[in-house]
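One structure below.
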Amino acid sequence: MAAVQAHRDLEVDRDDYVDVHGALREAGLDGMARPMPRLFGMYFSPHDRGPGVLLNAQLDIITQRHTAAHELGHHRLGHGTALDKELDRTVGWGDGSWPDEEKTAEAFAAWFLMPPPAVGSALRRIGVERPRVPEHAYQIARWLGTSYTGTVNHLHRLRLLTRAQKAAWLKTKPAVIKTTLAGGLVPSKAHVHVIDTTVHRATVRVDVGDLVVLRTPGAHFDALPDCLVPTDNPEGQLFWDEDAPATVAEVTDALTSTATVTVRMPGAADLLEVTIARQSPRVGVLELWPT
């Protein structure tokens, strides 16, 4: 209920990717991101010269987004100043060591970043009514900007997965899923974003090193911006083959904001068009709350 109220009060689009940093700004929180070993983030309550948040700039963007939502949860739920020190959020959960405020802030983060309408939109973009395989959960996570584990757990909360499915899918390593989707080995920190006919004119949020993949037989990139480099050959090995139509492309640091990608789909008269937008970990003050 608190997450739904926050969506309403902060004018968050519940049908798509949630702009958590924009929500922090809309909520009136001061904040910054800086390198902080062994620390996720901090929430400063109004009683301690807040409200404000401090985020770890060394986290990847997915973990940093979740941390930002967690700190927003502390604020919206009226909690006191909180220091989130444990880098493995699974440690201690369920063994009685987590304070109630941490549990509720963590639950808030999940419901804030993955509202049911946004989950429904992600399902439509991957072309299914319900997730049937772990790859579906991974793709949903990419559209929502969330972790694979967190997404699997939330799909179970939404009754889209059975308890047995949740247990089995949590044992599936994201590295295996990424290799399956990309058709070859993928760097450990890279994510894989699948493009299909269902995502025409959608925005795909990526970071440097991520792979944009076409899995439809016969599909190939019609035009790639300079910030995307072809990286595949027909055998699925990830390297550039200039003679083969590109079906996998890697994001480079030339992408600073957004770019347009067009794809030639078999049997389609018109080109499929998507926007890729960079979502990188925030640092400093101005990059965390840009004007």
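Each residue of the sequence shown is one higher than the one before, starting from 0 at the first, in numbering that gives the first Met the number 0.
Backbone N, C-alpha and C define an ideal beta-carbon position, used for all residues, glycine too.
Straight-line gap, residue i to residue j (C-alpha atoms, nearest Å)
i    : j    : result
G149 : G126 : 21 Å
V191 : G144 : 12 Å
W239 : A248 : Residue placement at W239 cannot be trusted, given a pLDDT of 45 that sits under 50; what the coordinates show is reported in the next sentence. The straight-line gap from Cα to Cα measures roughly 9 Å.
A174 : H46  : 44 Å
E134 : R48  : 45 Å
A140 : V203 : 12 Å
V273 : G79  : 43 Å
F220 : L270 : 10 Å
R162 : Q138 : 20 Å
T4   : W110 : Correcting the residue type first, residue 4 is Gln in the shown sequence and not Thr. When rounded, the distance between both Cα atoms is 11 Å.
P291 : A268 : Nothing about residue 291 can be read from this structure; the chain reaches only from 0 to 290.
Nonlocal neighbours in the same chain, by C-beta distance under 8 Å from residue i, ignoring five residues either side
i    : result
T178 : L184, V185
G293 : Look at the range of the chain in this structure, 0 to 290, and you will see that residue 293 is not part of it.
V205 : H190, H192, V211, V250, L254, I275, A276, R277, Q278
L76  : A1, E100, T103, A104, F107
Cβ shell of residue i (< 6 Å), same chain only, five flanking positions each side left out
i    : result
G217 : P265
L160 : L154
A108 : H65, A68, H69, G72
A32  : L54, A56, R281, V282, L287
I176 : P133, E134, Y137
Under the three-state DSSP convention, the category residue i falls into
i    : result
G119 : helix
T274 : strand
Y16  : coil
V198 : helix
G40  : strand
E249 : strand
A104 : helix
G72  : helix
G144 : coil
T259 : strand
L159 : coil
T66  : helix
7 Å Cβ shell around residue i - same chain, five flanking residues per side excluded
i    : result
E10  : E25
S120 : D14, D15
L169 : T148, V151
L17  : For the sequence presented, residue 17 should be read as Val rather than Leu. So the list reads V11, F111, L112, A117, once near-sequence residues are dropped.
I60  : D206, Q278, S279, P280
Closest Cα partner of residue i within the set the options
i    : options                : result
P98  : F111, L112, L82, M113  : L82
G30  : A174, Q4, A67          : A67
M113 : S256, K84, L157        : L157
H199 : A167, V207, L213       : L213
K165 : R131, S187, V207, H20  : R131
T197 : K102, T215, V282, A167 : T215
L180 : T246, E128, L54, F43   : T246
K84  : Y42, G21, R124, K172   : Y42
T257 : G182, S146, P224       : P224
is_contact[residue i, chain B] using C-beta, thresh 8 Å
i   : result
G79 : Absent from the structure is chain B; it holds one protein chain and no more.
For the pair the region 30-39 and the region 251-270, tell me if three or more CB-CB distances fall below 8 Å. No: the two stretches stay apart, fewer than three of their Cβ pairs being nearer than 8 Å.
Does the region 221-229 touch the region 192-199, meaning 3 or more C-beta pairs lie closer than 8 Å? With the cut-off at 8 Å, the region 192-199 and the region 221-229 do not touch.
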